[in-house]
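Peer 1:
Residue numbers (the numbering used here): 1 to 411.
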């Protein structure tokens, strides 16, 4: 469970950014549910402000340490070279820096990673023991510079610049159990996201829906979850059935059929016939179900795309309610919808701004003018708390002015 995450010299963030799930003593119980760490964070800001870059940074960190990305390429000579999918601030040659503090089984861990496109510069592992932070492992480039006795075996390995120490226990049979690395690796493995090095990834292909249908057929409780959410947003759908047919080779092909009722008759529509909003929900809801069921982190860029504004708060409640989220799974989203900021509240909203092409961010509970018992959206819409485009007002006049000038010149 993430407490806080930060980055520096990454994409549009030069000096750094931190997002925190932690609640302070002023947080109402209605928000915190009596917990010190939250389960939802919403990130808002103008187009191009850097919202998605925070998600990209977190997705990069989780994917890199668990080997879920391509890190090597080949020259024409077939020789391999390391080229990590990471962009520093305006091509700076300094390392990009990441850190994360998280809780696993009641123990707090802190991890730092400094990295360039050519590989790891530094790794640091810290564990809280008796309320004290204790370093148990440190690496500088391809050398272990400090380790507890239980990690001495790592010194005998030839380290790779594109492989984190976290993933080594899954590759080698060590004599020691390396428990902390195993625990952290599991934590970093529990993440799902729709962003990559080049931004948001969308998939509304029929083939994706068919593969999901196979999963839902084998997991009826997941299908019931999907039905419940989709029916709440589309009253025309009364049921979703998984059908099967044979392809040309005799293989079974599963596919979803969306049942609509009219004047007592039931009509089945294919995935391709449904609205984009229903398609998005059908394809994405598996990620929500898996995260809520197994624990971990779900990252969604453009969370509100193709979805009605009234559905959004209800989806968020799936993660804020202990009844539907007993494993304290976490959801991190970006959205352009304005009203969502009132559902999130000041303790769960991060605003991102950009000044001279540098992004920076802050959580809304740091702004004194906002109160727990008042809507935030009026302040946001008036630009009083940031996170909005600065030059939108007067756009039509600016567009019309050159046209008027050219007409005058022709006259």
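Glycine included, each C-beta is placed from N, C-alpha and C at the ideal position.
All figures in this text were calculated on a predicted structure; none of them were measured in a lab.
1. Let me confirm a value: residue 361 is counted as buried when at least 16 other C-beta atoms fall within 10 Å, else exposed. Which label applies?
2. What residue range does the alpha helix (DSSP H) around residue 284 cover?
3. Pull up the distance between the alpha-carbon of residue 210 and that of residue 291, whole angstroms please.
4. Exposed or buried, which one is residue 276 when buried takes at least 16 other CB atoms within 10 Å?
5. Between the C-alpha atoms of residue 278 and residue 230, what's the straight-line distance to the nearest angstrom?
6. For residue 226, does the three-state DSSP call read helix, strand or coil?
7. Could you tell me the alpha carbon to alpha carbon distance between residue 156 and residue 165, rounded to whole angstroms?
8. Classify residue 232 as helix, strand or coil using the three-state DSSP reduction.
9. Starting from residue 7, trace the beta strand (DSSP E) in both directions and tell me its first and last residue.
10. According to DSSP, simplified to helix, strand and coil, what is residue 95?
11. Between the Cα of residue 380 and those of 346, 401, 355 and 68, spot the shortest distance and give me the residue it belongs to.
12. For residue 353, write down the residues that DSSP places opposite it in a beta bridge.
13. Between the alpha carbons of residue 194 and residue 299, how many angstroms are there, rounded?
14. Is there contact here, the stretch 96 to 103 with the stretch 137 to 148, by at least three beta-carbon pairs under 8 Å?
15. So residue 302 and residue 200 are supposed to be a Cβ contact under 8 Å. How far apart are they, rounded?
16. Assess, as a yes-or-no matter, whether the stretch 35 to 54 is touched by the stretch 351 to 370 under the definition of 3 or more beta carbon pairs within less than 8 Å.
17. What residues match up with residue 104 in a beta bridge as DSSP calls it?
18. Using beta-carbon positions only, say whether residue 119 and residue 84 come within less than 9 Å of one another.
19. With C-beta atoms as the reference, is residue 282 less than 9 Å away from residue 253?
20. Below 8 Å, how does it come out for the stretch 217 to 234 and the stretch 179 to 196: are there three or more Cβ pairs, yes or no?
21. Would you kindly report the start and end of the unbroken beta strand (DSSP E) that includes residue 17?
22. Identify which residue in 317, 110 and 307 has its Cα closest to the Cα of residue 129.
23. Given a threshold of 16 other Cβ atoms within 10 Å of its Cβ, counted over all protein chains shown, does residue 296 qualify as buried or as exposed?
24. When burial is assigned at 16 or more other CB atoms within 10 Å of the CB, is residue 81 buried or exposed?
25. For residue 140, write down the residues that DSSP places opposite it in a beta bridge.
26. Between 343, 221, 34 and 138, which lies nearest to residue 285 when the distance is taken from Cα to Cα?
27. Candidates 19, 55, 162 and 267: which alpha carbon is nearest residue 236's?
28. From residue 79 to residue 159, what distance separates their C-alpha atoms?
29. Suppose you measure from the CA of residue 314 to the CA of residue 74; what does that come to, to the nearest Å?
30. Measuring CA to CA, which of 219, 132, 213 and 388 is closest to residue 243?
31. Going by DSSP, which residues form a beta bridge with residue 374?
32. Taking 8 Å as the cut-off, does the stretch 336 to 346 touch the stretch 56 to 63 (at least 3 CB pairs, one atom from each stretch)?
33. Do the CB positions of residue 77 and residue 357 come within less than 9 Å of each other?
34. According to DSSP, what are the bridge partners of residue 256?
35. What residue range is occupied by the uninterrupted alpha helix (DSSP H) comprising residue 57?
36. Shortest alpha-carbon distance to residue 328 belongs to which of 63, 33, 27 and 7?
Peer 2: Answer, in terms of the structure:
1. buried
2. 276 to 294
3. 21 Å
4. exposed
5. 7 Å
6. The DSSP-derived three-state label of residue 226 is helix.
7. 13 Å
8. helix
9. 2 to 8
10. When DSSP states are grouped into helix, strand and coil, residue 95 belongs to the coil group.
11. Residue 346 is the option with its Cα nearest to residue 380.
12. 360
13. 7 Å
14. They do not touch, by the three-pair rule.
15. 6 Å
16. yes
17. 107
18. yes
19. no
20. no
21. 17 to 20
22. Residue nearest to residue 129 within the set 317, 110 and 307 is 110 (criterion: CA-CA distance).
23. In summary, residue 296 is buried, with 16 or more beta-carbon neighbours lying within 10 Å of its beta-carbon over all protein chains present.
24. exposed
25. Bridge partners of residue 140 according to DSSP: 122 and 143.
26. For residue 285, the closest alpha carbon among the candidates 343, 221, 34 and 138 is that of 221.
27. 267
28. Distance from the CA of residue 79 to the CA of residue 159, rounded to the nearest whole angstrom, comes to 19 Å.
29. 47 Å
30. 213
31. For residue 374, which the question treats as bridged, DSSP gives no partner whatsoever.
32. no
33. Against a cut-off of 9 Å, the Cβ pair of residue 357 and residue 77 comes out as no contact.
34. 242
35. 51 to 65
36. 33
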